[in-house]
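*Asks:* Count along the sequence shown starting at 1, add 1183, and that's the number in the working numbering.
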Amino acid sequence: MKKPTIHICCVLLVLLWAIVPSLAETPRLGIPEILPSQDFLWRQLPQYNNYAFQGYSNYPDHTFPYADRPRAFYDSFGDPLITGYDLYDWTERRTLGQEYGSSIFKDRNQWSTVFDFLVVGRDSYNDWGYSAIVGDGLIARFTPLTLSQVDFNGARFDLATPYARLTFLGSRIERPHFYIESVSPWAIENTHFADDSTILLGTRLETDIGALRLGLNGVNMHVYQSTQDNNSLKGSLRPKLPSMDQIVVRFTDDSPHDGRGGALVQEAQLILNGEARPDIVPTVIRHFEGVDTQVGTISRLTGQFNPTIYTNPRGYYQIATLYYRGRNDMPLFADYLYRADHEAGIDVSKNTNLEGLLATFKLESPEEILQADGNEHLVFVFDLSQEPYIESVAVEAALANDYQVEVATLNLNNPRGRGYPNQYVSTFYRTVLRAEGNVQDGSNLARRRINVGENTSLFTYSADMHLALAGLEINGEYARSARYSRFPARMDETALYDRGPRFSEKGSAWYINAVRWFKGGRLGAEAFAMNPDFHTEMRTFVPFEIGLTETTLAGLANNTIFWDLVQDNEDGDRYPDKRVGNLQGQPNDREDEDIDGVFPGQDDDNDGLPDTNRNFNDVPDYVEPFLMYYVESNDFFYGLDRNNNDDPDVREDDLDPDYPYDADQRGIHLFGQLDLTPQWSLGAGRYDIEQIAGGGRNKSTYALVNYRREELGRLQRLFFENHLRRVKDDIADEFSALVERPKRIDTDFRGLVAGNKPSFTNNFRADPLLYRNSYVNDTYLESWLNPWSTLQMVHKVRLRFNWQQAGPLPGGLVQRDKRLDFFTWVSRADYTWHWHRLQIQPQFKVLLLRLVDQAADRQLDGRYARRTVRSELSVIPILRCTLPLMQRSQLQLGIQGLGPLPYRVEDRVNARNSFDQHTLYLNVNNRSKYFGYDLRTIVGLQREVKTFDEESRESDAFDALTFFARVLIGFTEYGRFL
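Structural data, given as structure tokens:
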């Protein structure tokens, strides 16, 4: 062997000896203390690789196209974890000497675009397993009395064993995620920091003992200061909480409709730092509900009074509509203060309409026994602005009868402001005390103390059970709540918030229901009590900070937010029925409602749209040509109405949390059913419900006869039900009715078509209280008939009699004897005929609605005559033709209103609403495939002519010609793409 060859082999052996051991060593971590010197001037550049067997790795940006180059990550012990990217990081730290102790990081691109706001990690071994979930818009649901949310943003851990199931969850519910980067000190790239914020923690333990399932639940929500070391689950006050310089206490009648037996108030005095302060004499104002402010200026030129509207909620963005409905009432504090100034001899004529001020707002003596009946308000204003040290504040008074007590506070925000409206800022009223029942004789006279403060935390905890045996099922839950508050203590102008003692409001709620099945029927019973002092809502103050409009705190009014552990979500979708802040992935939507509408019981095909507006345009289907053939308005819908507000329970939407029973009510319900035949059933029952604080009651004894038959030859469906009941119901159940006409919004949201999004709103309707003392019979008949395969006929008839009984009603009211009759009739028929390739389908529909008061108008002889309240007739003739042109194209023609037989609506009570209409619709429809997509192209025109019977409506008549071209792209022929 030649020497050069020997030298080369030796070098290779040395290199191999040096390399092989190093390859077997465990990788060394950390920064090397000595860097090896470079022996060669030669720079090592990428060399040739053969990829026949070696796997090919793309460039980093191509491997993960939504982020920068990956990097290595290590755990707290220095062990390697992964080479990749930061995706999510939530850190909470409590200690002194830090600027922010809470941070949430979410990489914008990966979190939203790649992972769709959700990451799940899981593992299992035999019958043990767990899941760790982090996401936005999660479902967090324990029980209907402790926690039920569909837009939970945070983390949850679920563990399942053969013996039990366990869940932990947590969320920083204020600003849990970002949307767009804002110029603010608490937001940097993909990260939101927080000093003071609100956190939600919860746990549920569930186990099975034979056929019995038991559950234990605990949920806590509290405000914290991460830069302090004395935080607790009972919460803290925010460091920027305004001082409470004046206390406003309002006493009202808790049952104003009866006009008597209202709040009786005497010896009201302030309790400061635990001691009575009779030297702080309140200003007492009496006025009626709904009065207008008399603060403003009078024009020198016209003498007209221009009021200053100062009770609109203040904040960096105003919604104050649905979300704040029922909890945004504010005192007319400037009127109160000016009225007191006038009594003290100060000239207030330049700031008020003095004559109106004196007439509207009456000054009362706090030493007198005062009473507020009906819509009267008694307002006590206590001035604390001169007190050097305040640790706790309460108001004590002797109260009797049916009272409600509410508290608001005033902050001297701008002492140099021009006039009281610019000097003070008021909070919303908060209900703190209600009398039990509707006492009117003063028998409940007692001295009561009302603590003043701001919420800091809320606890709900419960035990629930479910028992399922052969033929027996029992469900029940007992829950308690504790809401803690604190007064923002101060010395002079220095805040000492941790000095004030905490106080709490505690309450309970429970229910149990059972049903026993047996051969040929079932028996059931339920009992419940939803006490008015049971709460799942916490109100907190949120100070203004730059950039909040890009977070979940967008849309705050008066710097106030309400956190609900149990949300209002009647339709069960992923959006609460009322909300505040931005939707998941949608910056600055600033809507306060369920963005795709609330329509419980109105989405039978589960496509996410109400059945009365399936094309989600700005016209309900039941008034839209051709579509009206298949649907009717809610007036023609039949369903049980147990709370007697003329809105079927299955379609009812309210603003209350989705408790299993209505708040402030307790009662029992017994029922039974006999299945006489496979088609006939007979049921009967009685429920007795009363309001605990409100004083109303709902008592009913009922019987139900039901017949149901399907697929009986040519009779496809036959349904009959008669509901007879004896009712005494004076509980006013306000509800909201869906407006099938949506409004358009500019922001996109997931689940609906971009750029063409409905946002259905609701109209609120008061309970007419037509069943305070009545016998009611409701009959409904529905049939679907196919005399032969090409002819289909549908008939729906409903008849309801409400016999209102004469006699006294609770609250001193009197009802006379009369009857209300409600009748609806729907009939439609369509016939399909084919002539060669042409399909011809005539359709005909008739709707009739009548509401008659049989004793509405008093005659000269003292008797009462009937009056037709509503009488409406609709006749809808339609002709539809379809002609296939080619393999994927067809011509469609529709005519609604055939010559002398128009689409006719006749209002026999108000002729102004009567009209005729003719509609012609023609289009060419094409269906094609495009790169795997279904593509629909529609080109056509529509002609509509509408004329009213009365000339006064001539301006509302129209003759319109519309041309349109539309292209749709999707994956499915029918249904909502998720």
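Note that CB positions come from ideal geometry on N, CA and C, so glycine has one too.
#1: Out of R2041, L2030, V2035 and S2135, state which residue places its alpha-carbon closest to the alpha-carbon of R2087.
#2: Between the stretch 1426 to 1444 and the stretch 1544 to 1561, do three or more beta carbon pairs fall short of 8 Å?
#3: For K1417, decide whether its Cβ has a neighbour in chain C, counting only Cβ atoms nearer than 8 Å.
#4: Decide yes or no for the touch test of the stretch 1872 to 1889 against the stretch 1616 to 1626: beta carbon pairs closer than 8 Å, at least 3 of them.
#5: What is the DSSP secondary structure of M1976, reduced to helix, strand or coil?
#6: Is T1209 helix, strand or coil when you go by DSSP?
#7: For A1347, does the three-state DSSP call read helix, strand or coil?
#8: Report yes if the CB atom of I1382 is closer than 8 Å to the CB atom of Y1407, and no otherwise.
#9: Hey, out of A1347, T1296, L1982 and Q2022, whose CA is closest to V1959's CA?
#10: Does the contact criterion of 3 or more C-beta pairs under 8 Å hold for the stretch 1570 to 1583 versus the stretch 1625 to 1636?
#11: Below 8 Å, how does it come out for the stretch 1703 to 1718 and the stretch 1687 to 1695: are there three or more Cβ pairs, yes or no?
#12: Tell me M2172's beta-bridge partners as DSSP assigns them.
#13: Could you name the residues of the same chain whose beta carbon sits closer than 8 Å to that of I2152, not counting the 5 residues immediately before and after it, in chain order?
#14: In this structure, how does DSSP classify L1567 when only helix, strand and coil are distinguished?
#15: Report the residue from S2111, E2055, Y1842 and Q2079 whose alpha carbon sits nearest the alpha carbon of R2126.
#16: Between which two residues does the alpha helix (DSSP H) harbouring Q1606 extend?
#17: According to the Cβ coordinates, are T1476 and P1465 closer than 8 Å?
#18: Given this structure, state the Cα-to-Cα distance separating Y1519 from Q1281, to the nearest angstrom.
#19: Work out the CA separation of P1598 and E1547 for me, nearest whole Å.
#20: Anyone know if the C-beta pair for D1437 and Q1332 falls short of 8 Å?
#21: Whole angstroms are fine: how far does the CA of L2074 sit from the CA of Y1812?
#22: Give a yes or no on whether the C-beta atoms belonging to S1409 and A1377 are separated by under 8 Å.
#23: Which whole runs of the beta strand (DSSP E) in the stretch 1664 to 1740 are 3 residues long or more, in chain order?
#24: Look at F1670 and V1725 and say whether their C-beta atoms are less than 8 Å apart.
#25: Taking the alpha carbon of R1834 as the reference point, which residue from V1432, D1787 and E1450 has its own alpha carbon closest?
#26: From W1967 to N1905, what does the alpha carbon distance come to, in whole angstroms?
#27: Specify whether the stretch 1961 to 1980 and the stretch 1990 to 2004 touch according to this definition: at least 3 beta carbon pairs, one from each stretch, less than 8 Å apart.
#28: Going residue by residue through the stretch 1624 to 1671, where are the continuous beta strand (DSSP E) segments of at least 3 residues, counting only ones entirely within it?
#29: Check whether the stretch 2092 to 2100 touches the stretch 2058 to 2077, taking contact to mean three or more Cβ pairs, one atom from each stretch, closer than 8 Å.
#30: When burial is assigned at 16 or more other CB atoms within 10 Å of the CB, is T1278 buried or exposed?
#31: With L1330 as the anchor, note down where its beta strand (DSSP E) starts and where it stops.
#32: Ordered along the chain, which non-local residues of its own chain (more than five positions away) have a Cβ less than 6 Å from that of L2056?
#33: For the beta strand (DSSP E) that G1398 lies in, which residues bound it at each end?
#34: For a quick check, are the C-beta atoms of T1643 and S1664 less than 8 Å apart?
#35: If you follow the alpha helix (DSSP H) that T1543 is part of, which residue opens it and which one closes it?
#36: Tell me where the beta strand (DSSP E) around Y1268 begins and ends.
*Replies:* Looking at the atomic coordinates:
#1: L2030
#2: yes
#3: Absent from the structure is chain C; it holds one protein chain and no more.
#4: yes
#5: strand
#6: With a pLDDT of 40 at T1209, under the threshold of 50, the modelled position of this residue cannot be trusted, and the question is left open.
#7: strand
#8: yes
#9: L1982
#10: yes
#11: yes
#12: No information on residue 2172 is available, as it lies outside the stretch 1184 to 2161 that the chain covers here.
#13: Y2113, Y2116, D2117, L2118 and R2119
#14: coil
#15: Q2079
#16: Y1603 to Q1606
#17: no
#18: 44 Å
#19: 27 Å
#20: no
#21: 21 Å
#22: yes
#23: 1685 to 1701, 1704 to 1713 and 1720 to 1724
#24: no
#25: D1787
#26: 19 Å
#27: no
#28: 1629 to 1635, 1637 to 1652 and 1655 to 1669
#29: no
#30: exposed
#31: Neither: L1330 is in no beta strand (DSSP E) and is coded neither H nor E.
#32: L2031 and E2089
#33: L1395 to Q1408
#34: yes
#35: L1537 to T1543
#36: First-last for Y1268: undefined, no H or E at that position.
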